[in-house]
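Take a look at the structure below.
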Amino acid sequence: MNLWVRITGWLAFVLAAGYMLVPLFGMTEFSLKARRGVYSLDAYARVIGDTEFQATFGYSVTLALATIVLGVLIVVPTAFWVRLKMPWARPFVEFLTLLPLVIPAIVLVFGYIRLYNTSSFLPLTGSAAGTNLLLALGYTVLALPYMYRAIDTGLRTIDVPTLTEAAQSLGAGWVTILWRIVLPNVMVAVLSGAFLTFAIVIGEYTLAALLDRPAFGPYLQRIGTNKPYEPFALSVISFAITWACMGLIQLATRLSKHTKAQR
Amino acid sequence: MSFLTIEHLEKSFGTNRVVQNFNLTIEKGEFVSLLGPSGCGKTTVLRMVAGFETPSTGRIVIGGKDVVNLRPNQRNIGMVFQAYALFPNLTVADNIGFGLKVAGRPRAERTARVAEMLKLIGLPDLGDRFPFQLSGGQQQRVALARALAPSPQVLLLDEPLSALDAKVRVSLRNEIRAIQKKLGITTIFVTHDQEEALSMSDRVVVMHGGRAEQVGTPFEVYNRPATKFVANFVGMLNTLEADVIDPATGRVRIGGTETSLRRALPAGRVTLAARPEMIALGVQPGRDTILEGKITSVDFLGSVIRIRARVDGSELAFDTFNSTDAPPPAPGSDVRLSLLASDLLLLQDP
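Order-wise, the sequence lines are chains A and B. The opening position of the first sequence corresponds to residue 879 in this note's numbering, with each subsequent residue numbered one higher. The opening position of the second sequence corresponds to residue 0 in this note's numbering, with each subsequent residue numbered one higher.
Written as structure tokens, this is what we have:
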């Protein structure tokens, strides 16, 4: 590689990194200026001490976990079946799973409200539990592109038909095959999808706000309009959560014993 | 009554009939190979026995029970795949014990059986390894142990040696045969490698175009091929065009040489065949037919030298043993070849 190519490469890297990191640095620096003249963690302390923060964050974490479980229950068998028995249907399924990227969340939520309002055949919005379920289902749809792609990529790394047939010849039924063979072998992919889902759900605003649920996204927005330093502290916390999720994906990949040979 | 009976088995994918009127009976403890080129339907037959494909028509009876409508996990059939198909997330011991665990056998019984299987395949200390930590040969041994652990009534081997290098392939095929004999398990082995099929099997089924062209012992299939295809596919074959002079006595003219096969032949022009080992260099005592030709090539293969000679428009290949005292003839030189006419095979279409 000649010197000019190396210099250009590094220059591009520094510019891109600067583009990403300078605003983050500015935001973090500002969030530490709650006390005049010195850097402090006062804004963080106030945010974390806020009972509403704890309540909304706890709510969103619970919903994220429910979304992950729903997503895994829907996507793993679907992707497995498409790969095993219906490879011709793959483009259609991929198209379906990509729809949430094309259809805005606001369209989705208005559709939900219209379909599941109190005078509909399934009045989910008529109760808190029903609305929570609706929100979890909505989040599952929003996370579908990430969850499906992650799991489908994971399935691509193993010989699904042969492993399935091997398990069947040893007496295993579909549930055993999915639970004991397929899921453990795509666990890293499932975790990747799960952490991405978690990151999406934690900061999601539109569905939660329009369904009027006490989630972290609307809380972020509310704080942003009323206080000077706390919104920046919250943004830093949100970034930290997202990065922690990314780090956990990497960690899961590294710690996965049986996939070492494939890397 | 046979232990495994396949009757009038057919399989079509759309308009493509990949298996046609396939019939086979296998005795308990027998090792039968399905031999044929790619696309001949041998794997489809195996997969129908395993339950991974549903026959279009026909019956598969194992131990007196028709299994066609049973799911693969209800058939108690062990299978070894070409690509090993070990579960990557499980250790060797867990792989071997998988079938027993699915069957709900107690832990103590599982542990003992896994240890027994590991010993059987000669890997008693590798139970804690993961599949990726094993060589190809070791992985296939583990796959064999896994298939055998639940004591299946039939063992199916789908080209289990194809992915291995030549040396491992030879040693593993001997091991597989030894284990099969020791356990006395009824086995169907699919291969396109005639050497594997001939060396391992009690009987060989030569398949072509979805049909069984010949079923017989390796000796029968090699020495008395039933069809032109079998003769060409199994072993190396030299063909000679001959004119029948006297059909009753089998007198024929091959090029400028007249000889007698001493058996009845159809009138007209026939295709005769000779295995390389039937042809000898020079005039040899006890051989009644002498052919004259010209050497076209000499290939030194170590202990054996393969010589090709052109005789009356046909090219004949034959082998001689390497000898430091007698160097092989040079290409282009004239030679006389001798053979016993009664050994010649008559090639016929089915």
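Ideal placement from N, C-alpha and C gives every residue a C-beta, glycine not left out.
Residue-level contact to chain A via CB, residue i, 9 Å cutoff
i: B/Leu336; result: no
i: B/Arg106; result: no
i: B/Asn68; result: no
i: B/Val113; result: no
i: B/Leu85; result: yes
i: B/Leu155; result: yes
i: B/Gln139; result: no
i: B/Pro71; result: yes
i: B/Met199; result: no
i: B/Met206; result: no
i: B/Ala142; result: yes
i: B/Met78; result: yes
i: B/Pro149; result: yes
Three-state secondary structure assigned by DSSP to residue i
i: B/Gln81; result: coil
i: B/Gln19; result: strand
i: A/Lys1138; result: In this prediction, A/Lys1138 scores a pLDDT of 48, lower than 50, which makes its location untrustworthy; the coordinate-derived value is nonetheless stated afterwards. Three-state DSSP puts A/Lys1138 in a helix.
i: A/Leu1033; result: helix
i: B/Arg223; result: coil
i: A/Pro943; result: Per the sequence shown, the amino acid found at residue 943 of chain A is Leu instead of Pro. Correct three-state label for A/Leu943: helix.
i: B/Glu314; result: strand
i: B/Asn237; result: strand
i: A/Leu1002; result: helix
i: A/Asp928; result: coil
i: B/Asp287; result: coil
i: B/Leu339; result: coil
i: B/Gly331; result: coil
i: B/Ala272; result: strand
i: A/Ile1119; result: helix
i: B/Ala308; result: strand
i: B/Val153; result: strand
i: A/Val916; result: coil
i: B/Arg252; result: strand
i: A/Ala823; result: What the structure shows of chain A is the stretch from 879 to 1141, and residue 823 of chain A is not part of that stretch, so it cannot be assessed.
i: B/Gly281; result: coil
i: A/Leu899; result: helix
Alpha carbon of residue i to alpha carbon of residue j, nearest angstrom
i: B/Ser198; j: B/Val31; result: 11 Å
i: B/Ser313; j: B/Thr238; result: 7 Å
i: B/Gln139; j: B/Val167; result: 10 Å
i: A/Ser918; j: A/Gln1099; result: 23 Å
i: A/Trp966; j: B/Pro275; result: 50 Å
i: B/Arg307; j: B/Thr256; result: 19 Å
i: B/Arg286; j: B/Gly331; result: 24 Å
i: B/Ala114; j: A/Ser1047; result: 21 Å
i: A/Thr1040; j: A/Thr940; result: 37 Å
i: B/Gly267; j: B/Ser341; result: 18 Å
i: A/Glu869; j: A/Ala1050; result: The structure shown has nothing for residue 869 of chain A, since chain A only spans 879 to 1141.
i: B/Gly292; j: B/Val269; result: 21 Å
i: B/Ile95; j: B/Gln132; result: 16 Å
i: A/Arg924; j: A/Glu1108; result: 8 Å
Minimum Cβ-Cβ distance from residue i to chain B less than 9 Å
i: A/Arg1058; result: yes
i: A/Asn995; result: no
i: A/Thr1040; result: yes
i: A/Gln1046; result: yes
i: A/Ile928; result: In the sequence as presented, Ile is not what sits at residue 928 of chain A; that position holds Asp. Not closer than 9 Å to any Cβ of chain B, the Cβ of A/Asp928 fails to qualify, so no.
i: A/Asp1037; result: yes
i: A/Glu1082; result: no
i: A/Gly1051; result: yes
i: A/Met964; result: no
i: A/Asn1104; result: no
Residues near residue i by beta carbon distance below 6 Å, same chain, minus five either side
i: B/Leu236; result: Ala230 and Ala272
i: B/Leu156; result: Val79 and Phe188
i: A/Tyr922; result: Ala1111
i: B/Arg128; result: Val91
Residues of its chain near residue i, where Cβ-Cβ distance is below 8 Å and the 5 sequence neighbours each way are ignored
i: A/Ile984; result: Thr1084 and Leu1088
i: A/Gln1140; result: At A/Gln1140, the pLDDT of 47 sits below 50, so the modelled position is not reliable; the number obtained from the coordinates is stated separately. Thr1035, listed in sequence order.
i: A/Lys1138; result: The predicted model places A/Lys1138 with a pLDDT of 48, which falls under 50 and marks its position as unreliable; any figure quoted below should be read in that light. No residues qualify anywhere along the chain.
i: A/Thr996; result: Thr1003 and Gly1004
Residue i beta carbon near the ligand NAP (any heavy atom closer than 8 Å)
i: B/Arg128; result: The ligand NAP is absent from the structure shown, which contains no ligand whatsoever.
Cutoff 7 Å; reference residue i; Cβ partners in own chain excluding five residues on either side
i: B/Pro246; result: Ala263, Leu264, Pro265 and Ala266
i: B/Thr100; result: The identity of residue 100 of chain B in the sequence shown is Lys, whereas the question assumes Thr. Counting only Cβ-Cβ distances below 7 Å, and skipping sequence neighbours, we find Arg109.
i: B/Phe305; result: Checking the displayed sequence, the identity of residue 305 of chain B turns out to be Arg instead of Phe. Closer than 7 Å at Cβ, skipping near neighbours: Asp298, Ala316 and Asp318.
Closer than 9 Å to chain C by CB, residue i
i: B/Asn15; result: Looking at the structure shown, chain C is missing, and the protein chains on hand are A and B.
Could you tell me which whole alpha helix (DSSP H) segments of length 4 or greater appear in the segment 23-84 of chain B? 41-49
Quick check on the DSSP output: what are the complete alpha helix (DSSP H) runs of length 4 or more inside the segment 1049-1104 of chain A, in order along the chain? 1065-1081, 1084-1088 and 1094-1104
Please specify which runs of the beta strand (DSSP E), each continuous and at least 3 residues long, are wholly inside the segment 76-151 of chain B, giving them in chain order. 76-79
Contiguous beta strand (DSSP E) assignments of at least 3 residues, all confined to the segment 161-238 of chain B: 185-190, 202-207 and 210-215
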